[in-house]
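Student: The structure is given below, and queries will be raised subsequently.
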Amino acid sequence: MPSVVSVTTKMVVYDIFQREYAQSAAGSGFLIRSEEGYEGYIVTNNHVVQNAEKVQVELADGRTFPANIVGTDALTDLALLKIEATDLPYAYLGDSDQLAVGDWVVAIGNALGEGITATHGIVSRLNVSVAVSGNTLRGLIQTDAPINPGNSGGPLVNISGEVVGITSVKVAAVGVEGMGYAISINEAGPIIQALIHQGYVTRPWLGVGLYTVDSFVAAVNNLSVNKGALIVEAVADSPADVAGLKEGDVIIRFQDKEIINADDLILAIHDYQIGQGVEITFVRGEDTKTTWAQLQESPPPWD
3 MPSVVSVTTK MVVYDIFQRE YAQSAAGSGF LIRSEEGYEG YIVTNNHVVQ
53 NAEKVQVELA DGRTFPANIV GTDALTDLAL LKIEATDLPY AYLGDSDQLA
103 VGDWVVAIGN ALGEGITATH GIVSRLNVSV AVSGNTLRGL IQTDAPINPG
153 NSGGPLVNIS GEVVGITSVK VAAVGVEGMG YAISINEAGP IIQALIHQGY
203 VTRPWLGVGL YTVDSFVAAV NNLSVNKGAL IVEAVADSPA DVAGLKEGDV
253 IIRFQDKEII NADDLILAIH DYQIGQGVEI TFVRGEDTKT TWAQLQESPP
303 PWD
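Here the working numbering = 1-based position in the sequence shown + 2.
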């Protein structure tokens, strides 16, 4: 598949003595064209290029190019790169909604950083949610196609050669085999288009910094509840601020959804639209209160 590329990153890391070292990592990606027909865009994973100071891609024909990071979206683990080149091969995108459990798929990528390889398997499950590094990836495709280090960001293709997913996660645990996950291309599509056109993804925004409440956090902060999302910051003039929410409040319900932890609230917010009004139940001291907030458009990440 000539549209698949190897992605190599370099970043600066520090040891415990604050000595500086250069560290390299490898991943995968694939070339696409924008809706307007512009070339040179490469889809990969956010975690492949996160904190990278330099990114280089190698095409299937052996040519190498420096790549610019157009934009990233940590919530969906997606990133978009751009190289300055023309007459490039590009991937054909399929319809992941047409997948069924048992369908054959092929995972293509820069396995182990040693060049492009392909492995095959079947779709094991659809619309899966997986918690990764404090984030929850949703709408994933689970496959038993072998996923190796370096495959991240590479395409998962159907038997017609169309990209139906973007390889993202492999569960590595004793006694666990055949649990690899890919972001469905239909979930990724709007994110990719947003990154192409503005470099970031716009989402509904409440304007709070959060921390998960558990028994320990409740005891340390003298809270009257031991679950929920603790507000550690309410951004000035944000929907939360306008609604009267304050630092120290614990949100326990968002519309009809019970909030057990901070992730619950983040995911609940993203299920609504910019401009929608939402009812929020929270605890302040010993009192349970209800307020109403109108979600706004999230500010750009550089604001």
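Heads up, the beta-carbon is just placed ideally off N, CA and C, and yes, glycines get one too. Remember, predicted model here, so these are calculated numbers, not experimental data.
1. Three Cβ pairs or more, each shorter than 8 angstroms: is that satisfied between the stretch 220-239 and the stretch 94-102?
2. Which runs of the beta strand (DSSP E) fall wholly inside the stretch 35-102 and span at least 3 residues, in chain order?
3. Using only alpha-carbon positions, find the residue among 265, 247 and 259 that is nearest to residue 296.
4. Would you say residue 155 and residue 10 are within 7 angstroms of each other, going by their C-beta atoms?
5. Taking 8 angstroms as the threshold, find out whether the stretch 208-216 comes into contact with the stretch 180-190 through three or more Cβ pairs.
6. So does the stretch 140-159 actually touch the stretch 112-122, counting three or more Cβ pairs closer than 8 angstroms?
7. Just to confirm before moving on: does the CB-CB distance between residue 53 and residue 76 stay below 7 angstroms?
8. With H, G and I counted as helix, E and B as strand and the rest as coil, what does DSSP make of residue 193?
9. Specify the secondary structure class of residue 222 as computed by DSSP and reduced to three states.
10. Keeping to the same chain, check which residues put their C-beta closer than 6 angstroms to that of residue 78; ignore five residues upstream and five downstream.
11. How many angstroms separate the CA atom of residue 1 from the CA atom of residue 262?
12. If you count every other CB in all the chains shown that lies within 10 Å of the CB of residue 89, and 16 or more means buried, which is it?
13. For a test of your reading of the model: does the CB of residue 24 fall under 6 angstroms from any non-hydrogen atom of the ligand HEM? Yes or no.
14. Is residue 31 buried or exposed, if buried means 16 or more other CB atoms sit within 10 Å of its CB?
15. Keeping to the same chain, check which residues put their C-beta closer than 7 angstroms to that of residue 174; ignore five residues upstream and five downstream.
16. Let me know if residue 226 comes out buried or exposed under the rule of 16 or more other beta-carbons within 10 Å of its beta-carbon.
17. Identify the continuous alpha helix (DSSP H) that holds residue 4 and give its terminal residues.
18. Leaving aside the five residues before and after residue 28 along the sequence, list all residues of the same chain whose C-beta is less than 6 angstroms from its C-beta, in chain order.
Tutor: A quick look at the data gives this:
1. no
2. 43-46, 56-60, 66-68, 70-75 and 80-84
3. 247
4. no
5. no
6. yes
7. no
8. helix
9. helix
10. 193
11. Missing from the structure shown is residue 1; the chain here goes from 3 to 305 and no further.
12. exposed
13. In the structure shown, the ligand HEM is absent, as is every other ligand, since no ligand is present at all.
14. buried
15. Interpretation of residue 174 is limited by its pLDDT of 48, a score under 50 that renders its predicted location unreliable; the figure taken from the coordinates is listed afterwards. Once the five neighbours on either side are set aside, residue 174 has no close Cβ partner at all.
16. exposed
17. No alpha helix (DSSP H) holds residue 4; DSSP gives it neither H nor E.
18. 10, 112, 115 and 152
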